[in-house]
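Asker:
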Amino acid sequence: MTESPVKLTAEDGPDQPPATPELEDLYRGFEKELLVPLWTRIGDLMPQQPVSKAQPHRWEWKHLVELAARSGELVPVGRGGERRAIALTNPSLGGRPYATPTLWAAIQYLMPGEDAPEHRHTQNAFRFVVEGSGVWTVVEGDAVPMRRGDFLPQAGMNWHAHHNAAEQPMAWIDGLDIPFQYDVESQFFDFGRAVLPDAERTTPERSRSERLWGHPGLVPVSQFKASAGSPLLCYRWADTDAALTDQLELGYPWTVEPGHAVVRYTNPTTAGDVLPTIRVQFHRIAKGVETAPRRETGSSVYQVFDGAGRVTVGDFSWSVQRGDLFVVPSWMPLSVVSEASGSDSDSGALDLFQFSDAPIFSKLNLFREEVAQ
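Residues in the sequence shown are numbered consecutively from 1, following full-length UniProt numbering.
1) Is the Cβ-Cβ distance between residue 292 and residue 339 less than 8 Å?
2) When the distance is taken between beta carbons, is residue 334 closer than 8 Å to residue 294?
3) Quick check: what's the CA-CA separation for residue 265 versus residue 245?
4) Using DSSP with H/G/I as helix, E/B as strand and the rest coil, what is residue 319?
5) How many angstroms separate the CA atom of residue 11 from the CA atom of residue 54?
6) Check each candidate in 351, 115, 201, 204 and name the one with the smallest Cα separation from residue 262.
7) State the Cα-Cα distance for the pair residue 158 and residue 289, rounded to the nearest angstrom.
8) Reducing DSSP to helix, strand and coil, say where residue 211 ends up.
9) Would you please state the rounded distance, in angstroms, between the beta carbons of residue 127 and residue 237? I believe it to be under 8 Å.
10) By alpha-carbon positions, which one of 61, 97, 139, 160 ends up nearest to residue 119?
11) Could you have a look at residue 281 and say whether DSSP puts it in helix, strand or coil?
12) Please state if the CB of residue 58 and the CB of residue 320 are separated by a distance shorter than 8 Å.
13) Rounded to whole angstroms, how far is the Cβ of residue 130 from the Cβ of residue 284, which I believe are closer than 8 Å?
14) Judging by CA-CA distance, which residue of 21, 8, 15, 32 is the nearest neighbour of residue 2?
15) Check the DSSP bridge columns for residue 146 and list the partner residues they point to.
16) Which residues in the same chain as residue 332 place their Cβ atom closer than 8 Å to its Cβ, once the five residues preceding and following it in sequence are excluded?
17) At which residue ranges does the stretch 153-181 contain complete beta strand (DSSP E) runs of 3 or more residues, listed in the order of the chain?
18) Going by DSSP in three states, residue 27 sits in which element: helix, strand or coil?
19) Where are the alpha helix (DSSP H) runs, 4 residues long or more, that stay fully inside the stretch 218-298, in chain order?
20) For the alpha helix (DSSP H) holding residue 72, just list the boundary residues, first then last.
21) Would you kindly check if the distance between the Cβ of residue 175 and the Cβ of residue 301 is under 8 Å?
22) Within this structure, are the beta carbons of residue 188 and residue 102 separated by less than 8 Å?
23) Any idea what DSSP makes of residue 370, helix, strand or coil?
24) Mapping the DSSP letters down to three states, classify residue 188 as helix, strand or coil.
25) If the criterion is Cβ atoms closer than 8 Å, does the pair residue 141 and residue 200 meet it?
26) When burial is assigned at 16 or more other CB atoms within 10 Å of the CB, is residue 108 buried or exposed?
27) If we call anything under 8 Å between Cβ atoms a contact, is residue 67 one with residue 86?
28) Specify the secondary structure class of residue 338 as computed by DSSP and reduced to three states.
29) Measuring only the C-alpha atoms, how far is residue 17 from residue 8?
30) From the DSSP secondary-structure annotation, give me the bridge partner or partners of residue 80.
Written out as structure tokens, the structure reads:
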């Protein structure tokens, strides 16, 4: 008979029954039948507020790019590995390739002339470009150019591949809901074509999706129907930058707080989140501004797009600069001080890209946020 994984010990303590031989015998019966009484675990299972398994952490972009470049020289891209993607591993999650319990983040690196083969999966995904250009992602046959500041969402089960048409390597970050789908046991994956036809390896200035969906407030009637993920495959930096600039110029209360503008990427067919399980936002914090501590259920990953500053997450605090990534676990307060200047930021402000698992919590009526006054 296999030994029971349930181990119970009768101990005297607050809100616990007296530790008697009879209680010990009862616990041996529980162990044999694979039972755990709530009174021994209620503090773990039903805490007074969220207690995340993850911890705050920062990754410095300069180190990520250096290691990714070395990988580019040593590790080929092709079937099996599929992508030269290197996942951020939260130090408190046992070495699993998870940035948070629900979110996967990685730096992906493609050498000149390389193709990342076509595949599809149930995991919702995106790409965000903090620097460089020259790579095209091809989603369902639609070639989409990737440039600095562009956000490229891709809902689950869409065929996609990448190719680098430039003479330089290019790096970007990937975000997916891999940990969430792994833990709820919902994931599927299919291999696609090993080689894309020449017609799909073109490099158009604008993709088909942009020509159809990339016009503010306008949707193509012939294609309009609600979709779980956005049909717009690229949200261009010029539009994001203009929206943030206009908010800060208008000032509070048109910003979330004085000196702090935020925009959210949305699905033009629903006006909801751009992906079913991932919320994506962009923050611009004016020089010298300190944001009020904010916390919310669910976790987030941030990347510094431009500028410099100081970030405090719970008891952790770091200086950050362009490209650096950091994690905010569930219900831990985040505050940011912008130390940006004209020498390190095109906007003169601290620009932060954020993605989170908020749509999952919202759909389950579990999302909660709190801002310190």
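From the three backbone atoms N, C-alpha and C, an ideal C-beta is built for every residue, glycine too. The model shown is predicted, which means the values in this text are computed figures rather than measured ones.
Answerer: If we stick to the structure as given:
1) no
2) yes
3) 16 Å
4) strand
5) 30 Å
6) 351
7) 41 Å
8) helix
9) Contact doesn't hold; Cβ gap of about 13 Å is too wide.
10) 160
11) strand
12) yes
13) Their Cβ separation, rounded to whole angstroms, is 15 Å, which puts residue 130 and residue 284 out of contact at 8 Å.
14) 32
15) 135
16) 52, 56, 295, 313, 314
17) 160-164, 170-176
18) helix
19) 237-250
20) 61-74
21) yes
22) no
23) strand
24) coil
25) yes
26) buried
27) yes
28) strand
29) 13 Å
30) DSSP lists no partner for residue 80.
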